[in-house]
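Each protein sequence line maps, in turn, to chains A and B. Residues in the first sequence are numbered consecutively from 97, following our numbering. Residues in the second sequence are numbered consecutively from 2, following our numbering.
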Amino acid sequence: MKKYAIVAGVVIVFGVAVWLMYVNPFSTSPRAVTPQLAKELHLFIWSNYLDPTVKTDFEKEFGVKVIEDNFASNEDLLAKLQAGGSGYDVIVPSDYMVQIMRKQNLLAPLDLKNIANFKNINQSFKNLDFDPGNQFSMPYMWGTTGIGYNKKKASAPPTSWADLFDPAKLEPYKGRISMLDDAREAIGAALIYLGFSPNTTNEKELEAAKQVLIKQKPFVAKYDSESFRDSLAANEVILAHGWTGDIAAAKVANPDIEFVIPKEGSLTFLDNLAIPKTSKNQYTAEVFINYLLRPEISAKIVNLRRYASPNDAAKSLIQPEILNSATYSRPEGIKLYWLQDLGPAGDLYEKIWTEIKGQ
Amino acid sequence: MEKQRERGQLALLLLPSTLWLGLFFLAPLGIILVISLVQRGGPVAWQLDGSAYVRLLDPLHLKIFLRSLTLAVLTTFVCLLVGYPLAYYIAQRPPRLRHLLHFFVLLPLWANSLVLTYAWMVLLRPEGFFDSLLHALGFAEPISLLYTPTAVVIGLVYWYLPFMVYPLYGSIEKFDFTLIEAAHDLGATRFQAFRKVLLPLTMPGVMAGSLLVFISALGTFVVPALLGGDKTLMWGNLIQQRFLSTPQDWPLGAALSLAMMLFMSVGIWFYFRVNRESA
Chain A
97 MKKYAIVAGV VIVFGVAVWL MYVNPFSTSP RAVTPQLAKE LHLFIWSNYL
147 DPTVKTDFEK EFGVKVIEDN FASNEDLLAK LQAGGSGYDV IVPSDYMVQI
197 MRKQNLLAPL DLKNIANFKN INQSFKNLDF DPGNQFSMPY MWGTTGIGYN
247 KKKASAPPTS WADLFDPAKL EPYKGRISML DDAREAIGAA LIYLGFSPNT
297 TNEKELEAAK QVLIKQKPFV AKYDSESFRD SLAANEVILA HGWTGDIAAA
347 KVANPDIEFV IPKEGSLTFL DNLAIPKTSK NQYTAEVFIN YLLRPEISAK
397 IVNLRRYASP NDAAKSLIQP EILNSATYSR PEGIKLYWLQ DLGPAGDLYE
447 KIWTEIKGQ
Chain B
2 MEKQRERGQL ALLLLPSTLW LGLFFLAPLG IILVISLVQR GGPVAWQLDG
52 SAYVRLLDPL HLKIFLRSLT LAVLTTFVCL LVGYPLAYYI AQRPPRLRHL
102 LHFFVLLPLW ANSLVLTYAW MVLLRPEGFF DSLLHALGFA EPISLLYTPT
152 AVVIGLVYWY LPFMVYPLYG SIEKFDFTLI EAAHDLGATR FQAFRKVLLP
202 LTMPGVMAGS LLVFISALGT FVVPALLGGD KTLMWGNLIQ QRFLSTPQDW
252 PLGAALSLAM MLFMSVGIWF YFRVNRESA
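Quick look at the structure:
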């Protein structure tokens with residue numbers, strides 16, 4: 097009997113130890129805001145969204161090692177941040193996600209004194225609705241969602257979302273279609289195809305969009321937001337629901353790749369640099385953000401990753417062929433939507449997405 | 002006195018394993034149990050609540066569970082079909098060749114399994130190795146195995162085959178092959194000798210290997226995500242998404258984990274019961 101008591105005691109002690117290690121309700125963790133550079137900076141960013149030499153150059157200049165980690169959707173980023181103690185210093189949420197994180201009090205206010213290069217940003221990207229006065233976020237890169245396709249393999253160039261969703265048109269592409277693994281993007285595209293708003297919370301409209309995606313599923317090869325550009329470049333898929341920069345990067349590897357924004361309209365986004373409230377290296381994070389907004393650094397990232405830059409001062413340093421490409425500009429006469437924070441209704445999109453993927 | 006000292010020594014010897022079990026098995030299990038019983042929040046609100054178990058009963062979860070079960074059973078079955086002849090072959094070789102063959106079975110475990118999965122993606126994809134090979138042999142229809150349940154089973158069999166071969170080998174190696182000769186002398190056909198003599202006597206290996214492969218395959222999430230294109234959701238993916246992706250729901254994720262553990266415990270209990278009865 098005594099033996100069991102000892103074992104139980106040991107188990108409880110270690111249970112509590114583990115508990116304290118991970119949750120620690122007693123910790124007050126005051127945030128040290130000293131104008132001193134930390135040794136390391138943890139960056140949490142979309143995959144393929146930074147030039148790796150930027151990290152080594154930053155380390156050379158400031159002696160701060162940048163450690164990069166990747167996420168695949170805004171919701172994944174939010175989930176990791178909500179889990180608490182993420183350990184990240186700089187994150188890259190899109191527009192509507194900045195709004196959600198602001199509301200949930202997850203972001204640290206920025207000290208604009210440390211981010212002088214904010215002056216390089218084009219006026220039209222400053223002071224937007226999701227973050228008035230740029231108190232919490234700095235514009236990084238923007239892009240549009242559309243369809244990337246292989247012009248040699250596609251029977252005809254796609255022009256409409258019907259070319260991605262109408263089962264009658266999909267037979268030749270069976271198993272050769274890639275869709276973004278992102279609830280708001282995938283359901284948003286189906287909603288636009290049906291003529292609804294991608295920000296709807298109407299359950300009937302969402303149900304209709306769900307049916308579109310379920311009917312499309314037998315033709316889909318994979319749901320993927322991170323490596324669809326490689327699949328497109330390697331002829332693995334013929335049609336890819338994807339973002340401008342990644343499709344442009346696929347075109348660099350394979351000249352047969354083209355990009356189109358469907359005529360019914362599509363989604364556009366602006367990704368932003370922000371600092372989680374839990375970061376203990378806020379000053380270092382601001383120095384890094386300021387560094388990323390330097391014209392030559394912005395241009396270097398754009399020249400590799402091919403997303404569009406809100407940085408006016410960088411424009412003259414970006415390769416002209418990129419500036420003039422279909423993936424860099426917003427087409428005339430096509431409606432582009434911004435995603436909005438839908439509050440609790442946002443969960444509905446996630447639930448529908450799980451149902452579609454679980455089919 | 003003597004007995005007490007022995008006891009003390011035994012307790013000391015068992016301390017590391019007790020600590021290990023307590024720290025890395027019982028404590029996490031307790032935490033999972035607690036999380037499954039509180040309210041969903043960001044990520045959890047410390048408020049007693051059993052609703053995670055109500056959310057667990059979603060018909061979608063049943064569908065995904067049945068799919069996981071089917072794929073895990075299929076993986077186990079294919080591993081058995083491939084593994085048994087292989088283990089038998091190895092057990093019959095002379096010792097030196099046996100060591101070499103052992104080495105080959107273990108070889109895939111030395112490389113990073115993620116890298117090997119990516120290699121499978123290159124082999125299986127449209128216009129990849131297999132597709133081009135079939136094309137060169139004159140098959141006009143392109144076959145695209147990648148991102149299908151078939152690809153998931155291929156990947157899982159590849160990952161878990163060594164776990165099937167080893168227990169089987171252990172059983173077959175101990176088998177006294179003169180028994181087969183005796184069976185033949187008594188007029189048994191080759192198949193009868195296998196079914197009535199070899200198979201029953203190597204059943205412990207079959208069961209142990211199957212159990213290892215089945216449990217591992219049921220809980221996997223990397224292979225379905227990569228080779229299945231993230232559209233052949235399995236139970237492991239479901240758990241992973243509830244914790245690290247969206248809609249984030251830690252209590253439901255914890256409840257899903259416990260349901261899986263319960264299912265496996267019942268399976269293992271059944272296995273031991275059958276084993277004891279047959280022994």
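Glycine included, C-beta positions come from ideal geometry on N, C-alpha and C. From a predicted model like this one, the values you see are computed outputs, not experimental measurements.
> Which bits of chain B does D172 (chain A) rub up against, with CB to CB less than 9 angstroms?
Replying inline: L245, S246, T247
> Per DSSP, which one or two residues make a beta bridge with Q239 (chain A)?
Replying inline: Correcting the residue type first, residue 239 (chain A) is Gly in the shown sequence and not Gln. Answer by DSSP bridge pairing, in chain order: A:F365.
> Could one say the Cβ of D191 (chain A) lies closer than 9 angstroms to chain B's Cβ atoms, at least one of them?
Replying inline: no
> Under a Cβ-count criterion, where at least 16 other Cβ atoms within 10 Å of its own Cβ denotes burial, should F104 (chain B) be classed as buried or exposed?
Replying inline: exposed
> Which full runs of the beta strand (DSSP E) of 3+ residues lie inside the stretch 252 to 327 of chain A, going along the chain?
Replying inline: 273 to 275, 316 to 319
> Who are the Cβ neighbours of I334 (chain A) in its own chain at under 6 angstroms, not counting the five residues just before and after it?
Replying inline: N246, K249, A250, Y269, R272
> Between the stretch 140 to 164 of chain B and chain A, which residues of the former have CB atoms less than 8 angstroms from a CB of the latter, in chain order?
Replying inline: S145, L147, Y148, T149
>> Between the stretch 82 to 95 of chain B and the stretch 168 to 177 of chain B, can you find at least three pairs of beta-carbon atoms closer than 8 angstroms?
In response: yes
>> Quick check on A209 (chain B): buried or exposed, where buried means 16 or more other Cβ atoms within 10 Å of its Cβ?
In response: buried
> Taking the alpha-carbon positions, what's the L134 (chain B) to A120 (chain B) distance?
Replying inline: 16 angstroms
>> Strictly under 9 angstroms for the Cβ-Cβ distance: is D186 (chain B) near chain A by that measure?
In response: no
> Terminal residues of the continuous alpha helix (DSSP H) containing G156 (chain B)?
Replying inline: 150 to 175
> Which two residues bound the contiguous beta strand (DSSP E) that contains Q132 (chain A)?
Replying inline: Premise fails: Q132 (chain A) is in no beta strand (DSSP E) and is neither H nor E.
>> At the 9 angstroms Cβ level, is L117 (chain B) part of the contact set with chain A, yes or no?
In response: no
>> To the nearest angstrom, how far is the alpha carbon of K4 (chain B) from that of L15 (chain B)?
In response: 16 angstroms
> Counting along the chain, where does the beta strand (DSSP E) carrying F167 (chain A) start and finish?
Replying inline: 161 to 167
> Over what stretch of residues does the alpha helix (DSSP H) that includes Y85 (chain B) continue unbroken?
Replying inline: 60 to 93
> Does DSSP classify V356 (chain A) as helix, strand or coil?
Replying inline: strand
>> Our contact map puts N144 (chain A) next to R401 (chain A) with C-beta atoms below 8 angstroms; I'd like the distance itself, whole angstroms only.
In response: 6 angstroms
>> Let me see if you follow: with CB-CB separation under 9 angstroms, is D443 (chain A) close to chain B or not?
In response: yes
> Which residues, taken in chain order from the stretch 52 to 69 of chain B, show a beta carbon closer than 7 angstroms to some beta carbon of chain A?
Replying inline: L61, K64, I65
> Using a C-beta cutoff of 9 angstroms, does D177 (chain B) count as contacting chain A?
Replying inline: no
> Contact check, L72 (chain B) vs V158 (chain B) under 8 angstroms by CB: the rounded distance?
Replying inline: Not really, about 11 angstroms apart at Cβ, beyond 8 angstroms.
> How long is the line joining the alpha carbons of Q178 (chain A) and F140 (chain B), rounded to whole angstroms?
Replying inline: 52 angstroms
>> Contact defined as beta carbons within less than 8 angstroms: I believe L212 (chain B) pairs with I155 (chain B). What is the distance between those atoms, to the nearest angstrom?
In response: Not a contact, Cβ separation roughly 21 angstroms.
>> Using the three-state DSSP reduction, which class does Q195 (chain A) fall into: helix, strand or coil?
In response: helix
> Between Y272 (chain B) and chain A, is there a C-beta pair that is closer than 9 angstroms?
Replying inline: no
>> What does the Cβ neighbour count give for A256 (chain B), buried or exposed, with the cut at 16 atoms within 10 Å?
In response: buried
> For a contact meaning CB atoms closer than 9 angstroms, what does E128 (chain B) contact in chain A?
Replying inline: A330, N331, E332
> Does any CB atom of chain B fall closer than 9 angstroms to the CB of K447 (chain A)?
Replying inline: yes
>> Could you pull the DSSP bridge partners for S190 (chain A) from this structure?
In response: A:D367
> Between the stretch 227 to 241 of chain B and chain A, which residues of the former have CB atoms less than 7 angstroms from a CB of the latter, in chain order?
Replying inline: G230, D231, K232, L234
>> Going by C-alpha to C-alpha distance, which of B:F244, B:P225, B:S217 sits closest to A262 (chain B)?
In response: Note that residue 262 (chain B) corresponds to Met in the displayed sequence, not to Ala. The candidate whose alpha carbon is nearest that of M262 (chain B) is B:S217.
> Nearest-angstrom Cα distance between L124 (chain B) and D326 (chain A)?
Replying inline: 15 angstroms
> Excluding the five sequence neighbours on either side, which residues of its own chain have a C-beta within less than 7 angstroms of the C-beta of L11 (chain B), listed in chain order?
Replying inline: none
>> Quick check: the stretch 360 to 379 of chain A against the stretch 227 to 240 of chain A, are at least 3 beta-carbon pairs closer than 8 angstroms?
In response: yes
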